[in-house]
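Below you'll find the structure, written out as structure tokens, and then a few comments.
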Amino acid sequence: MTLLELNRAHLQDCIAIDADSPHPWGESHWARSLRDDHCLGLCLDSHLLAVSAYSLVFDELSLLNIVVADNQKGRGYGQALLEQGLEWMQQFGPARCILEVRVSNLAARRLYKRLGFGEDGLRKNYYPLGTGREDAMLMSVNLPLEY
Ligand SMILES: CC(C)(COP(=O)(O)OP(=O)(O)OC[C@H]1O[C@@H](n2cnc3c(N)ncnc32)[C@H](O)[C@@H]1OP(=O)(O)O)[C@@H](O)C(=O)NCCC(=O)NCCS
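Count the sequence shown with numbering that gives the first Met the number 0 and you get residues 0 to 146, in order.
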């Protein structure tokens with residue numbers, strides 16, 4: 000498995016990997032993120048399996064998204080990409096990483112907890128959900144990760 004820094008040339012891969020997510024970003028969001036953020040992917044035999052996006056403001060890193068291709072989920076690739084991505088981002092000296100996740104997204108919450116993220120509180124009615132709204136769980140971890 001190889002960690003890869005993504006650029007505009009990976010736009011279609013990002014869209015394809017994200018297409019089957021419950022809430023895909025779509026082309027314009029990925030295009031903006033590939034231009035403005037730090038986007039990292041995980042490759043196996045030169046195929047991208049998973050993609051992620053971070054923004055950095057001073058010493059605070061935000062995980063904006065992480066997605067594993069639908070047919071590759073549950074094999075440890077999400078954890079590998081997050082671990083390797085956070086390690087790679089250490090070159091910029093972040094003191095912590097923060098994120099928001101839908102309260103219903105149990106797979107993602109479990110992944111973040113597994114890597115040491117703590118739950119900091121709820122942002123009520125943050126995400127659109129079908130006809131209503133859904134809360135966001137705010138999570139964070141100090142960096143570098145401790146094992
Ligand atoms: C969240 C996501 C990135 C996890 O990636 P993954 O490769 O499937 O996860 P891994 O195999 O690395 O597993 C990591 C942890 O998540 C747990 N997990 C994975 N899929 C799960 C599921 N469907 N239900 C519950 N837990 C799950 C694993 O059990 C593991 O925890 P454990 O070691 O404590 O058992 C992936 O499910 C995904 O792409 N989801 C859609 C996009 C998304 O919601 N991204 C998060 C945006 S905030």
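In this text, a Cβ means the ideal position worked out from N, Cα and C, and glycines have one as well.
Check, Outcome
"Identity of the residue in E4, L60, I97 nearest R34 by Cα", "E4"
"Presumed contact (8 Å Cβ cut-off) between L85 and L144, rounded CB distance", "6 Å"
"Under 8 Å between C-beta atoms of L137 and G120", "yes"
"S54 and L98 closer than 8 Å at C-beta", "no"
"For C96, the residue or residues it bridges with in DSSP", "L60, V140"
"Cut-off 7 Å between Cβ atoms - residues of its own chain near W87, not counting five sequence neighbours on either side", "L2, L39"
"Cα-Cα separation, I16 to V56", "27 Å"
"Closest residue to L80 among F91, Q90, I65 (Cα-Cα distance)", "I65"
"Residues near P23 by beta carbon distance below 7 Å, same chain, minus five either side", "D17"
"Residues bridged to I65 [DSSP beta-bridge criterion]", "S51"
"Rounded C-alpha distance that separates C96 from S51", "14 Å"
"Distance, T130 Cα to G75 Cα", "33 Å"
"Where the beta strand (DSSP E) through Y126 begins and ends", "117-128"
"C-alpha distance - A135 paired with N124, whole-angstrom precision", "7 Å"
"Any non-hydrogen atom of ligand 1 within 7 Å of S54 CB", "no"
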